[in-house]
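*Asks:* Respectively, the protein sequence lines represent chains A and B. Numbering of the first sequence is given in the working numbering, commencing with residue 2 and proceeding in unit increments. Numbering of the second sequence is given in the working numbering, commencing with residue 2 and proceeding in unit increments. All C-beta atoms, glycine included, are put in the ideal place defined by N, C-alpha and C. Input: one structure, supplied below.
Protein chains: 2
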Amino acid sequence: MADIKNDRRQEILQAARNEFIKEGISGARTQAIADHIGVTKAMIHYYFKTKENLFKEVFRQASKSFIDGLLDPLEREGPLFKKIEAFIDQLINRLENNPELAGFITNELRRHNEITAPIFRDACNIETTVFARQLEEAASDYEIAPVTPDQVIINIFSLCAFPYVGRGLLKGLLKKQNSQQYQSLLNERREMVKDTVINWLAG
Amino acid sequence: MADIKNDRRQEILQAARNEFIKEGISGARTQAIADHIGVTKAMIHYYFKTKENLFKEVFRQASKSFIDGLLDPLEREGPLFKKIEAFIDQLINRLENNPELAGFITNELRRHNEITAPIFRDACNIETTVFARQLEEAASDYEIAPVTPDQVIINIFSLCAFPYVGRGLLKGLLKKQNSQQYQSLLNERREMVKDTVINWLAG
DNA sequence: GTCTATATTGTGATAGAC
DNA sequence: GTCTATCACAATATAGAC
């Protein structure tokens, strides 16, 4: 039946997602994916033809799940600073729920840009027009310093995502061998990132 | 002679550095390293025994070159905000001079933590006692908000490094297909990062 | 020190039986 | 749809000649 066929396909995709996120496309092994759900490599070929096809599908879904709706809080009606806080909350929630996802996406974009950039670009089919206009108005009313939406988004993403993507680097630099020590630093950051961004804008 | 032996060793290390930074340990090929300097793979075995040994040596040098002296501006005498600005300048200089280095280190730490974390920890043999004391004094004099040195360093690293490590992600998100457009965003950031950090501390 | 040649294992892909 | 068996080749490691 079509349902059985679809189930098996989904099962492979799920196992592939785990393997690719953990190992990257270069380190991932089709054998490991097959083993994990108790089928043979031939099944992967049957449903996806090649490892690269399977990777592309995983990367597409990973990108979509990370990006979809991410900027929505900025596009709703409401006061500027409230919206920024809601956006930061949502971004940190996503990072917290899937701590490896952002690192996977950034790294595969770095190492295999040819393959991944078009897929990621496609997933980033989102708008920021409301937010851009609101920033401009606030700046011309002298409520905030004159900044571009691009730099606001870079700042917020950097402050939120790097502690996850660069976790190992920061743990070494700050000498936090204990993971709980580092996690409590992360917990403190939610309000701290909001302060950092708002203070910067409010000047 | 010992010098010739040492030269060839260095030559292999240099080629390996390029290959490993570009491909990571999983994607790197010993054949590619050998080809690049016109020797055979047997040479690599002669000087380093295994690919993993060679990688460890490359990662050790990469970590040291990134970390050594990095926090020095914070440990010198002088006013707090000047020191922070000098630190940000130096960090961005290093990222600019070697845009792939931070991404390499963060990713190998994520993917091969068992191997890399001890090496990186060893490279991070640095002090921040002067800076920590200065932050504490400024906070008790109400010159700045009460913050820990750890969070200051996380904020600065995030704001400086993520635009390089997560370049592909941000380019997609901001729809900058043109690399020059993205580079000019990076150029604007040097002063902007300083503002962001100082405004946050000054409250 | 450096190379050629080869051992050994791993890895993605696929043909063909059921 | 699923498996067994196998191909073709890539990759690291290494022995042995020079």
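Using a Cβ-Cβ cut-off of less than 8 Å, list which residues of the region 39-59 of chain A approach chain B; keep chain order.
*Replies:* none
*Asks:* Expressed to the nearest angstrom, what Euclidean distance is found between the alpha-carbon atoms of residue 88(B) and residue 8(A)?
*Replies:* 54 Å
*Asks:* Taking the continuous alpha helix (DSSP H) assigned at residue 161(B), which residues delimit it?
*Replies:* Segment 150-166, the alpha helix (DSSP H) holding residue 161(B).
*Asks:* On the three-state DSSP scale, how would you describe residue 178(B)?
*Replies:* coil
*Asks:* What first and last residue would you give for the alpha helix (DSSP H) that runs through residue 48(A)?
*Replies:* 42-49
*Asks:* Taking 8 Å as the CB-CB limit, is residue 171(B) close to chain A?
*Replies:* yes
*Asks:* Would you identify the three-state DSSP class for residue 71(A), choosing helix, strand or coil?
*Replies:* coil
*Asks:* May I ask you to list, following chain order, the residues of the region 85-116 of chain A that have a beta carbon less than 7 Å from some beta carbon of chain B?
*Replies:* 104, 106, 107, 108, 110, 111, 112 and 114
*Asks:* What distance in whole Å lies between the Cβ atoms of residue 128(B) and residue 76(B), which are believed to be in contact at a cut-off of 8 Å?
*Replies:* About 7 Å separates the CB atoms of residue 76(B) and residue 128(B); that is less than 8 Å, so the two are in contact.
*Asks:* Round the Cβ separation of residue 107(A) and residue 166(A) to the nearest angstrom and send it over; I've been treating them as touching at under 8 Å.
*Replies:* 6 Å
*Asks:* Show which residues of chain A have a CB atom less than 8 Å away from the CB atom of residue 176(B).
*Replies:* 122 and 125
*Asks:* Between the alpha carbons of residue 196(B) and residue 201(A), how many angstroms are there, rounded?
*Replies:* 7 Å
*Asks:* For the alpha helix (DSSP H) containing residue 30(B), list its first residue and its last residue.
*Replies:* Where residue 30(B) is concerned, there is no enclosing alpha helix (DSSP H), given that its DSSP letter is neither H nor E.
*Asks:* Please tell me whether residue 21(B) and residue 33(B) are closer than 8 Å, where the distance is taken between their beta carbons.
*Replies:* No; because the gap between Cβ atoms is not below 8 Å, this pair is not in contact.
*Asks:* Do the region 88-107 of chain A and the region 154-172 of chain A touch if we need at least three Cβ pairs shorter than 8 Å?
*Replies:* yes
*Asks:* Taking just the CA atoms, how far does residue 25(B) sit from residue 19(B)?
*Replies:* Going by the C-alpha atoms only, they are around 10 Å apart.
*Asks:* According to DSSP, simplified to helix, strand and coil, what is residue 133(B)?
*Replies:* When secondary structure is reduced to three states using DSSP, residue 133(B) falls in the helix class.
*Asks:* Can you name the residues of chain B whose CB is closer than 7 Å to the CB of residue 162(A)?
*Replies:* 163 and 167
*Asks:* Against residue 204(B), what residues of chain A qualify as contacts under a CB-to-CB distance less than 9 Å, listed in chain order?
*Replies:* 196 and 200
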